[in-house]
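Chemist: The sequence shown begins at 1 in the UniProt record's numbering and counts up by one.
Every residue, glycine too, gets a C-beta built ideally from N, C-alpha and C.
Keep in mind that this is a model prediction, so the values were computed, not measured.
To start, I am sharing the structure in question, which I have written as structure tokens.
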Amino acid sequence: MARRSPRSCAPWRTTWTCEAFPMSESTEPESTKDVTDVRPEGASVPAGTAASSKADGVTPPAPARRRKPVLDRKLAEAREFALSALKELADPEEIGEGHRVVADDERLVTHYFTSNRRGYLDWEWYVTIARAPRQSVPTVCESGLLPAEGALLAPHWVPWSDRLSDDERHADAEDGAETDGAETDGAETDAGTDSEAEAEAGAADGAPADPAGDGGVDGTAGADDQTA
Numbered sequence: 001m002a003r004r005s006p007r008s009c010a011p012w013r014t015t016w017t018c019e020a021f022p023m024s025e026s027t028e029p030e031s032t033k034d035v036t037d038v039r040p041e042g043a044s045v046p047a048g049t050a051a052s053s054k055a056d057g058v059t060p061p062a063p064a065r066r067r068k069p070v071l072d073r074k075l076a077e078a079r080e081f082a083l084s085a086l087k088e089l090a091d092p093e094e095i096g097e098g099h100r101v102v103a104d105d106e107r108l109v110t111h112y113f114t115s116n117r118r119g120y121l122d123w124e125w126y127v128t129i130a131r132a133p134r135q136s137v138p139t140v141c142e143s144g145l146l147p148a149e150g151a152l153l154a155p156h157w158v159p160w161s162d163r164l165s166d167d168e169r170h171a172d173a174e175d176g177a178e179t180d181g182a183e184t185d186g187a188e189t190d191a192g193t194d195s196e197a198e199a200e201a202g203a204a205d206g207a208p209a210d211p212a213g214d215g216g217v218d219g220t221a222g223a224d225d226q227t228a
């Protein structure tokens, strides 16, 4: 009878013995060994690492300076081209004579024109044009209307009395005189009304009315004295 071989998944008993090896004085843990920084020159160093500290003498690289773009001569001379593109957006009478050119980038400039549009006197029309390398024909990138410096600021405050014209001041003075005259007439009318009210009150009490206002001395009283 043939002997069956054990199954591949059957457990096998293994024995492992750990022997202690004393560490010599020259042996150091791997974590304490010096590690050479292999970063490329100019690469950023993560914050908080030993290499990023000033004590190690590592200086962060200075930020790169962006040089000022050079004004492209061909694009700067394309004023009529930019103006023709702007006339598709605005009426010719809304475009002023003022003009300036600003270099935005290499072979990219913006033409600015003063605005004569109603309500946008301190604004500027702009047309940004560009050209491809070794090409002289420009292309319009964008155009529109932008506020210039001081366009969105409120004007200096002027008192109302200083803003009036001569005609308005004269009319204002006449209105004031008419108002004072009306107040005087009203006061006299009130005084007459009070006198009439007092006379009516005296007549109601049985005393004779004294329209002359002389305290009851009239021609009748004199005639009585002569008769006596």
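#1: Is there contact here, the segment 118-137 with the segment 60-79, by at least three beta-carbon pairs under 8 Å?
#2: Between which two residues does the beta strand (DSSP E) harbouring Glu-142 extend?
#3: Throw me the rounded Cβ distance for the Pro-138 and Asp-122 pair, which I believe falls under 8 Å.
#4: Just the C-alpha distance for Asp-175 and Trp-157, rounded to the nearest angstrom, thanks.
#5: Could you give the C-beta distance for Leu-86 and Ser-143, rounded to a whole number, given that I count them as a contact under 8 Å?
#6: Tell me whether Ser-165 is buried or exposed, calling it buried when 16 or more other Cβ atoms sit within 10 Å of its Cβ.
#7: Check whether the Cβ atoms of His-99 and Phe-113 sit closer than 8 Å, and answer yes or no.
#8: Classify Ala-103 as helix, strand or coil using the three-state DSSP reduction.
#9: Out of Ala-76, Arg-67 and Glu-124, which has the shortest C-alpha to C-alpha gap to Glu-94?
#10: Can you tell me which residues form a DSSP beta bridge with Ala-130?
#11: Just to check my reading of the structure: Ala-76 and Val-101 have Cβ atoms closer than 8 Å, yes? What is that Cβ distance to the nearest angstrom?
#12: Leaving out the 5 sequence neighbours to the left and right, which residues in its chain are closer than 8 Å to Lys-33 when beta-carbon positions are compared?
#13: Cα separation between Asp-91 and Val-109?
#14: Distance, Cα to Cα, Asp-105 vs Arg-79?
#15: Can you tell me which residues form a DSSP beta bridge with Trp-125?
#16: In whole angstroms, what is the alpha-carbon distance linking Gly-96 and Leu-145?
#17: State the DSSP-derived secondary structure class of Gly-119, mapped to helix, strand or coil.
Modeler: Reading it off the structure:
#1: Touching, per the Cβ criterion.
#2: 139-147 is the extent of the beta strand (DSSP E) around Glu-142.
#3: Rounded, the Cβ-Cβ distance is 28 Å, inconsistent with contact.
#4: Looking at the two C-alpha atoms, the distance is approximately 26 Å.
#5: Indeed, because the Cβ distance is near 6 Å, the residues count as touching under 8 Å.
#6: Ser-165 comes out exposed.
#7: Yes, these two residues count as a Cβ contact at 8 Å.
#8: In this structure, DSSP gives Ala-103 an extended state, which the three-state scheme calls strand.
#9: Comparing Cα positions, the closest option is Glu-124.
#10: Bridge partners of Ala-130: Leu-108 and Thr-139.
#11: That pair is a contact at about 5 Å.
#12: Because Lys-33 carries a pLDDT of 49, less than 50, the predicted location of this residue cannot be relied on, and no value is offered for it.
#13: About 23 Å.
#14: One C-alpha to the other measures close to 18 Å.
#15: Trp-125 is bridged to Phe-113 and Leu-145.
#16: C-alpha of Gly-96 to C-alpha of Leu-145: approximately 13 Å in a straight line.
#17: In the three-state scheme derived from DSSP, where H, G and I count as helix and E and B as strand, Gly-119 is classed as coil.
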